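What follows is one structure encoded as C-alpha cells, with my remarks underneath.
Protein chains: 2
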Amino acid sequence: MSQQERTEVNQIGEFGLIEHLTKNFEIRKAGTLLAVGDDAAVIDHFGRQTVVTTELFIEGVHFDLTYTPLKHLGYKIVSASISDICAMNADPAQITVSIGISNRFSVEALTELYDGIYYACEHYDIDLIGGDTTSAPQGLIISVTALGEVSPDKFVTRKGAQQGDLICVSGELGGAYLGLQLLEREKKIFMESPGVQPDLDNRAYVVGRLLKPEARLDIVEWLAAQEIVPTAMMDISDGLSSELFHICKDSAVGCTIYEDKIPFHDEMREVAYTFEIDPTACALSGGEDYELLFTVKQEDYDKIRLSEKISVVGYITEAGEGKKIITRKGNVHDLQAQGWQHFN
Amino acid sequence: MSQQERTEVNQIGEFGLIEHLTKNFEIRKAGTLLAVGDDAAVIDHFGRQTVVTTELFIEGVHFDLTYTPLKHLGYKIVSASISDICAMNADPAQITVSIGISNRFSVEALTELYDGIYYACEHYDIDLIGGDTTSAPQGLIISVTALGEVSPDKFVTRKGAQQGDLICVSGELGGAYLGLQLLEREKKIFMESPGVQPDLDNRAYVVGRLLKPEARLDIVEWLAAQEIVPTAMMDISDGLSSELFHICKDSAVGCTIYEDKIPFHDEMREVAYTFEIDPTACALSGGEDYELLFTVKQEDYDKIRLSEKISVVGYITEAGEGKKIITRKGNVHDLQAQGWQHFN
C-alpha cells in the first residue's frame, strides 16, 4: 500500500466519509423513496411506507460496561434505534438485533442484555424479528436494525424546513452528557481507590438520561393527534448544534436560536455547575439526548404551546443569514457545528 | 459475578443461544408474519410481504484480510445477505450496511470495500439505502441488513417439508471450504517464508467460491418461471448436513440422501484429494457455499430435472426414520449435525 494515497478517516469525519462512499450510488428500485442521508430510509409498499434504520454499538466506543448494566444497555440500544424511526414521524414496528461476543460473555450475561431488549420491545410495542449471533475476538458488538411504518407522504425528512418556521425541541437537553461525565469521574475514582463507593446521590436524572434514554414516540403520537406534520425533523443524538447544521444544510436555510429558550432540567444545571461546564455547551454539543428536533409552520404555534413537553427555541432564516445563537445577554454568536465526534 | 451461575456460550452453541434468548418472546404486531428462527423474517404490508435478514461480519472471525481483497469482501457480504433473502423464495430489493473501523483503515481502503458493495448491488439489482459508520477499537466490523419482497404466501420457510418430498441442492458443494484451506495454507507458507509466491495455479474455482460467492437469485427466478414453489428452503452456509438438520427439525421429518448424488466440481474434488480430505465431508460440513437447499413435491420432478443447475440428492422420510446418508458402497450411515461452529 506504500505507493498509494492514504487519507485518514478523521481527516474527512464521519459525515464526510458517508458522503464520499455514497456519492455515486444510484437508486434502482421504484419502491426506494428515500435512501442514504436521513435518520432512516423509506420504502414504498403499495401506498404504505416502511421506514428502515440501522445502528452499530461497539464496546469501548459507544458504551462502557464498567458502569452500564447489561439490562440497561439492551433497553438503550432499542431506544436509540427507535429514536431514528420517530425522527421520520413514523411508528416503530420491528427490530433485528445481531450480537458479536467474546468469550468474556456468559449466557447469563446475554440473558440480561436480552431482558433489557425485551423490556424495550414491550414498552415501545414492537417485535424482535431476527438477528445474527457470532463470536468476536474481543468485547461486545451489537447491531440493531429498526423498521417502522408511516402512511403515505407523512414521513418527515431533514429537507423541508422553510424560512419563518419555528424550531422546536422535545424534553430537556444536555443531561446525558453530564451523566457520562459523572460516571466517568466515579469510574476514575474507583480505579484509583477501589474501596470508595460511587457518589451518585440525587443524580438519578442525569445518570438515567445516559443509561436509560427514551425514544420520543409520545411526541410523534402527540403531533399526529394534533394533526401537526413537522416540515423537518431529526433526533438529537450528537448535540443540538450539530443537528441544526444538518437541517440547515439539507433544507438550504439558516437558523436563529435563543440560549434562554433551550430547555434544561434543574439537576442537569446543578451538575453542570459542579463540573464547571456551561449548561448551554452541554445542550449544544453533548451527545445521546435522543430528544426530537423539528420545525413547524408558524400557524401551528397555538397548538405547539399546548404541550409542556415541547419548547420553541428559535426560527428558520434564509441561508444567507447563517446559523446564530442569541445569548442571554443579547449577544449574537455563530453556532459551532461541533458535535459528538466518533473519529477523533 | 462469582456468586452467580455462569454458562459458557459454547456449552449451548449458537443455535442453542438463539433459542434460549428468544424462547419467551411474543409477537405484538399483526404485520409480523414470521419472526426469529428462519433465514429471514417476514412482514406483511397490505398483501405484499417484506422479507428481512441481518448478518454480522467480523474481521478475524468471518474474514482474513491477509488474502481477502476488500473489493471482494464488499461483494461477498452482499451475496451472503442476499442469499438469505433468496432462501425465503423472495426478491432482494434493498440493503443497509454499517461499518465499525479501526484507524488501520484509510478512506481509500473503505472506498475499495464500497466498490465491491456497489458492484454487488448492480449485479443483484438492489439499492443501498442506509447504514451507520463508527470507529472500532480494532479491526473491521460490518453489519448488513437485507430487505426483499415476495407476493402473498409465496415465501418459503424451513417448516414445510413432507414425507416423500425430493431434496434438491443448487450448484456444487464444498468448494468454499477447500478455497479456505488452500488460502490458509498459502498464508502459513508466506508467514514462514515471505519470499515465496502463493501457488494458486488452476485453483480459480475453489478460491473464487470462497472470495466471491454468488447468491442463487437465478434459482429463485427459475423456480418462479417453472411455477415451482418449494415446500421448504434455506441456504447452505454451514454445510449440507447442518442445514438438513434444521429442515428436518423444523418440519418434523427425517431424510435420506445419497452420497453419489451430491454435486461436486472437478477442481474441488482434485483439491480435496491433494489435502487428503473426503470431498463428501467438505460438502456435508464445510461452510459458505451459499447454494440453496430445498424440498419439492414429487410431481415437480419432471420440471426440476430440466435444470442443470439443480441436483436431486435424496428424499424426505418420516421423523422416526432419522437422518441418513447412503454411501457410494451402499452402506447407510447417520448424518452428523456437525456444521460450521462459531463458538468452538
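Order-wise, the sequence lines are chains C and D. The numbers in the working numbering rise by one with no breaks, and the one at position 281 of the first sequence is 281. The numbers in the working numbering rise by one with no breaks, and the one at position 41 of the second sequence is 385. All C-beta atoms, glycine included, are put in the ideal place defined by N, C-alpha and C. All figures in this text were calculated on a predicted structure; none of them were measured in a lab.
Under the three-state reduction of DSSP, which class applies to residue i: helix, strand or coil?
i: ALA385 (chain D); result: strand
i: PHE534 (chain D); result: helix
i: GLU227 (chain C); result: coil
i: GLY539 (chain D); result: coil
i: THR295 (chain C); result: strand
i: VAL494 (chain D); result: strand
i: LYS29 (chain C); result: coil
i: TYR118 (chain C); result: helix
i: ASN331 (chain C); result: coil
i: GLY326 (chain C); result: Checking the sequence shown, residue 326 (chain C) turns out to be Ile, not Gly. ILE326 (chain C): strand per DSSP, three-state reduction.
i: LEU128 (chain C); result: strand
i: GLN525 (chain D); result: helix
i: ALA576 (chain D); result: strand
i: THR624 (chain D); result: helix
i: SER143 (chain C); result: strand
i: VAL220 (chain C); result: helix
i: THR455 (chain D); result: helix
i: SER581 (chain D); result: coil
i: GLY518 (chain D); result: coil
i: TYR301 (chain C); result: helix
i: SER106 (chain C); result: coil
i: GLY320 (chain C); result: helix
i: GLN685 (chain D); result: Low per-residue confidence applies at GLN685 (chain D): pLDDT is 48, beneath 50, and the placement is therefore not dependable, though the value from the model is reported in the following sentence. Coil.
Would you report the Cα separation of residue i and residue j, rounded to the nearest angstrom?
i: MET234 (chain C); j: TYR258 (chain C); result: 19 Å
i: CYS592 (chain D); j: LYS154 (chain C); result: 45 Å
i: CYS86 (chain C); j: ASP39 (chain C); result: 9 Å
i: GLY492 (chain D); j: VAL396 (chain D); result: 7 Å
i: MET191 (chain C); j: HIS265 (chain C); result: 30 Å
i: GLY664 (chain D); j: LEU524 (chain D); result: 36 Å
i: ARG649 (chain D); j: SER655 (chain D); result: 8 Å
i: ILE580 (chain D); j: LEU223 (chain C); result: 47 Å
i: ASP457 (chain D); j: THR256 (chain C); result: The amino acid at residue 457 (chain D) is misidentified as Asp; the sequence shows Leu. Using only the alpha carbons, I get a separation of about 40 Å.
i: SER551 (chain D); j: PHE619 (chain D); result: The question names Ser, but residue 551 (chain D) in the sequence shown is Val. If you take the alpha carbons of VAL551 (chain D) and PHE619 (chain D), they lie about 15 Å apart.
i: VAL573 (chain D); j: TYR411 (chain D); result: 39 Å
i: SER170 (chain C); j: LEU33 (chain C); result: 27 Å
i: THR295 (chain C); j: LEU484 (chain D); result: 38 Å
i: ASP545 (chain D); j: LEU417 (chain D); result: 22 Å
i: SER355 (chain C); j: ALA161 (chain C); result: Beyond the ends of chain C as shown, which are 1 and 344, falls residue 355 (chain C); an answer cannot be given.
i: ARG158 (chain C); j: VAL253 (chain C); result: 11 Å
i: PHE359 (chain D); j: ARG613 (chain D); result: 31 Å
i: VAL540 (chain D); j: TYR419 (chain D); result: 28 Å
i: ILE101 (chain C); j: GLU186 (chain C); result: 27 Å
i: PRO542 (chain D); j: ILE356 (chain D); result: 39 Å
Which two residues bound the contiguous beta strand (DSSP E) that contains residue i?
i: PRO92 (chain C); result: 91 to 101
i: VAL615 (chain D); result: Premise fails: VAL615 (chain D) lies in the alpha helix (DSSP H), 610 to 618, not in any beta strand (DSSP E).
i: ILE167 (chain C); result: 166 to 170
i: LEU70 (chain C); result: Taken as a continuous stretch (DSSP letters only), LEU70 (chain C) belongs to no beta strand (DSSP E), being part of the alpha helix (DSSP H) at 70 to 86.
i: ARG48 (chain C); result: 48 to 58
i: THR133 (chain C); result: 133 to 135
How is the alpha helix (DSSP H) around residue i delimited, first residue to last?
i: GLN11 (chain C); result: 9 to 22
i: SER307 (chain C); result: First-last for SER307 (chain C): undefined, no H or E at that position.
i: LEU240 (chain C); result: 240 to 251
i: ALA548 (chain D); result: 548 to 555
Please report the Cβ distance between residue i and residue j, rounded to the nearest whole angstrom; I am assuming they are in contact, meaning their Cβ atoms lie under 8 Å.
i: VAL156 (chain C); j: TYR124 (chain C); result: No, VAL156 (chain C) and TYR124 (chain C) are not in contact; Cβ-Cβ is about 19 Å, not under 8 Å.
i: GLY375 (chain D); j: ILE387 (chain D); result: 5 Å
i: THR96 (chain C); j: THR145 (chain C); result: 5 Å
i: ILE129 (chain C); j: ALA379 (chain D); result: 4 Å
i: LEU526 (chain D); j: VAL405 (chain D); result: The pair is not a contact, with the Cβ atoms about 20 Å apart (cut-off 8 Å).
i: SER143 (chain C); j: LEU454 (chain D); result: Wrong, their Cβ atoms sit about 18 Å apart, outside the cutoff.
Mind pulling the chain B residues with CB within less than 8 Å of residue i?
i: PHE245 (chain C); result: No chain B is present in this structure, whose protein chains are C and D.
Residues from the stretch 155 to 170 of chain C in contact with chain D, defined by Cβ distance under 9 Å: none
Interface residues of the stretch 469 to 490 of chain D facing chain C [CB-CB below 8 Å]: ASP469, ILE470, ASP471, LEU472, ILE473, GLY474, GLY475, ASP476, THR477, THR478, SER479, ALA480, PRO481, GLN482, GLY483, ILE485, SER487, THR489
Near-chain C residues of the stretch 354 to 376 of chain D (beta-carbon distance less than 8 Å), N- to C-terminal order: ASN354, GLN355, ILE356, GLU358, LEU361, ILE362, HIS364, LEU365, THR366, ASN368, PHE369, ILE371, ARG372, LYS373, GLY375, THR376
Residues of the stretch 546 to 560 of chain D with Cβ closer than 8 Å to any Cβ of chain C, in chain order: none
Residues in the stretch 408 to 422 of chain D having any Cβ partner in chain C nearer than 7 Å: none
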